[in-house]
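Undergrad:
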Amino acid sequence: MARLHLRTNEAPIRTRPLMATFIIFIGIFAILFGIAASIVTGVANISFSTVWNSVFAYDSNNEHHVIIQSLRMPRALAGALVGAAFAVSGAIMQGMTRNPIADTGLLGINAGAGFVLVLVFAFIPSMPFEYIILFSFIGAGLGAGLVYGIAYFARGGLTPLRLVLAGAVVGSLVTGVSQALSLLFQINYDLAFWSAGGISTAEWFQVSVMMPWIIVGLIAAMVLSRSITILSLGEEVAAGLGQRTKLIKGIGAVVVMILTGASVSTVGGVGFIGLIVPHIVRFLVGVDYRWIIPCSAVLGGVLVICADIGAKIIAMPYETPLGSIIAVLGVPFFLYLARKERREL
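Per our numbering, residue 21 is the first one in the sequence shown, and the count goes up by one each step.
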């Protein structure tokens, strides 16, 4: 992959293709190993040989085979998919907006998707999951629109910290309304699942529906990656280099809606993945989004799979919410970035 011959302040765009290639290959092996480790981890003690037999010699009368095939395998695969989706969404948002603390959870996108899903459960409870996921896309766009609208019309404009404050306000508002609707309509759905996030309820049917959307979103993100790199230099620079900035931002927003909506519809609002992973990737491989996006996808999958394993074993036989595990890492990371951003203002 060729290096971008662009300069900002007389310095070339920093990129480390060899490191990026190493991360991608090692990350893929880590995902495969993590999926295997996730499948054998749980209340029921299951060996690797049993997992192998359940895949290649499935016996419906074997309880462990049923657990592996119907519960643990879709859960592990869902973790890899949503980890990649959330991480790439965060990378796209940070690149397009030049906002280092952009994340789908912090900016109210996850909350918006969850809110619309509660509306669906309240008023159209029998809606098939294939259509529910479409409403999740709409909710993600609604959440993003509200946050950016509030921050845009606030005095001082779209600063990173104002966006986060607007995201907190919108997230609290829609979560409160969602809780009120769940009580009013007696929704038979655990709303705490959406607040804390988790992949324990993921099923093969849900995975089969969200997987094509996430794959399309990841491919679209990689196609946009070079344009996002240029856009991350600033709109004036991007326009001077012939980029149609509004079109790129519009397409990028649609990609974020698809990736976030598909993920939230299955696992709930897990935050901080899109904040942590892209920053680590930029530190390791540089600022070229042709490498940041695939590396973020791989490391995002690794992070969620490892966090889910931790969620299983920390309080066994009880399960810790996945969102809480990642928040333990995400909150200090956010505070560090916010303090750093404040010093630079």
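Cβ atoms here follow ideal geometry from the backbone N, Cα and C, with glycine treated the same way.
#1: Does the Cβ-Cβ distance between V71 and A56 come in under 8 Å?
#2: Please name the residue, chosen from V140, T35, I129, that lies closest to F205 on a Cα-to-Cα basis.
#3: Is there contact here, the segment 244-264 with the segment 192-205, by at least three beta-carbon pairs under 8 Å?
#4: Do R92 and I59 have their beta-carbon atoms positioned less than 8 Å apart in this structure?
#5: For S285 and S90, which I take to be in contact (beta-carbon distance under 8 Å), what is that distance rounded to the nearest angstrom?
#6: Answer yes if the segment 128-148 comes into contact with the segment 302-320, meaning at least three C-beta pairs across the two stretches below 8 Å, and no otherwise.
#7: Verify whether the separation of the beta carbon atoms of A96 and I325 is less than 8 Å.
#8: Examine the Cβ distances between the segment 104-121 and the segment 180-195 and report whether three or more of them are shorter than 8 Å.
#9: For G306, name the three-state secondary structure that DSSP assigns.
#10: Which residues does DSSP list as the beta-bridge partners of T35?
#11: Out of T221, I43, M113, state which residue places its alpha-carbon closest to the alpha-carbon of M277.
#12: Near P314, what residues of its chain come up, given a Cβ to Cβ distance below 7 Å and the 5 sequence neighbours on each side ignored?
#13: Shortest alpha-carbon distance to G132 belongs to which of A160, G110, P145?
#14: Can you find the residues in the same chain that come closer than 6 Å, C-beta to C-beta, to V197, ignoring five residues on each side of it along the sequence?
#15: Please classify M230 as buried or exposed, where buried requires at least 16 neighbouring CB atoms within 10 angstroms.
#16: To the nearest angstrom, how far is it from the Cα of G218 to the Cα of G110?
#17: Do V305 and T35 come within 8 Å of each other at the CB atom, strictly closer than that value?
#18: If I follow the unbroken alpha helix (DSSP H) through I268, where does it start and stop?
#19: Have a look at P341 and A64 and give me their C-alpha separation to the nearest angstrom.
#20: Nearest CA to the CA of A327: which residue from G99, E150, N130, R359?
#21: For L319 and A40, which I take to be in contact (beta-carbon distance under 8 Å), what is that distance rounded to the nearest angstrom?
#22: Thinking C-beta only, is V275 closer than 8 Å to A240?
#23: First and last residue of the alpha helix (DSSP H) that includes S252?
#24: Would you mind working out which of Y78, I346, H85, G169 sits nearest I66, comparing C-alpha positions?
#25: Does the Cβ-Cβ distance between A186 and A164 come in under 8 Å?
#26: Return helix, strand or coil for V63, following the three-state DSSP convention.
TA: For this structure:
#1: Within the sequence shown, residue 71 is the residue found at index 51, counting from 1. Within the sequence shown, residue 56 is the residue found at index 36, counting from 1. Less than 8 Å divides the Cβ of V71 from the Cβ of A56.
#2: Reading the sequence shown from its first residue, position 185 is the one you call residue 205. Checking every option, the nearest Cα to that of F205 belongs to V140.
#3: no
#4: Residue mapping note: residue 59 aligns to position 39 of the sequence shown, counting from 1. Residue mapping note: residue 92 aligns to position 72 of the sequence shown, counting from 1. The answer is yes: Cβ separation under 8 Å.
#5: By 1-based counting over the sequence shown, the position of residue 285 is 265. By 1-based counting over the sequence shown, the position of residue 90 is 70. Not quite, the Cβ-Cβ distance comes to about 20 Å (not below 8 Å), so this is no contact.
#6: Segments in contact, no.
#7: Sequence index remark: in the sequence shown, residue 96 carries index 76 (1-based). Sequence index remark: in the sequence shown, residue 325 carries index 305 (1-based). Result yes, Cβ atoms of A96 and I325 sit closer than 8 Å.
#8: yes
#9: Position 286 of the sequence shown, counting from 1, holds the residue named residue 306. DSSP places G306 in strand when its eight states are reduced to three.
#10: The residue labelled residue 35 in the question sits at position 15 within the sequence shown. DSSP lists G306 as partners of T35.
#11: On the sequence shown, residue 277 is found 257 positions in, with the first residue counted as 1. If we check each option's Cα against that of M277, M113 comes out closest.
#12: One-based indexing of the sequence shown puts residue 314 at position 294. Hits under 7 Å: I44, M242.
#13: Start at 1 with the first residue of the sequence shown, and residue 132 comes out as number 112. When each option's Cα is compared against that of G132, the closest is A160.
#14: For this step, residue 197 is matched to residue 177 along the sequence shown. Excluding positions up to five away in sequence, the list is empty.
#15: The residue you call residue 230 lines up with position 210 of the sequence shown. Counting Cβ neighbours within 10 Å, M230 comes out buried, since at least 16 surround it.
#16: For the purposes of this step, residue 218 is identified with residue 198 of the sequence shown, where counting begins at 1. For the purposes of this step, residue 110 is identified with residue 90 of the sequence shown, where counting begins at 1. About 19 Å.
#17: Here residue 35 refers to the residue found at position 15 of the sequence shown. Here residue 305 refers to the residue found at position 285 of the sequence shown. Less than 8 Å divides the Cβ of T35 from the Cβ of V305.
#18: Taking the sequence shown and counting its residues from 1, one reaches residue 268 at position 248. From DSSP, the alpha helix (DSSP H) with I268 extends over 265-287.
#19: Residue 341 sits at position 321 when you count from the first residue of the sequence shown. Residue 64 sits at position 44 when you count from the first residue of the sequence shown. C-alpha separation (whole angstroms): 19 Å.
#20: If you number the sequence shown from 1, residue 327 lands on position 307. A327 has its Cα closest to that of G99, out of G99, E150, N130, R359.
#21: In the sequence shown, residue 319 corresponds to position 299, counting from 1. In the sequence shown, residue 40 corresponds to position 20, counting from 1. At roughly 11 Å, the Cβ-Cβ gap does not stay under 8 Å, so L319 and A40 are not in contact.
#22: As a position in the sequence shown, residue 240 is number 220, starting the count at 1. As a position in the sequence shown, residue 275 is number 255, starting the count at 1. For A240 and V275, yes; Cβs fall inside 8 Å.
#23: What you label residue 252 is simply residue 232 of the sequence shown in a count that begins at 1. Counting along the chain, S252 falls outside any alpha helix (DSSP H), and DSSP gives it neither H nor E.
#24: As a working mapping, residue 66 is identified with position 46 in the sequence shown. Considering only alpha carbons, the answer is H85.
#25: As a first step, residue 186 must be located in the sequence shown, where it is residue number 166. As a first step, residue 164 must be located in the sequence shown, where it is residue number 144. Not in contact: A186 and A164 (Cβ atoms no closer than 8 Å).
#26: Counting from 1 along the sequence shown, the entry for residue 63 is found at position 43. V63: coil per DSSP, three-state reduction.
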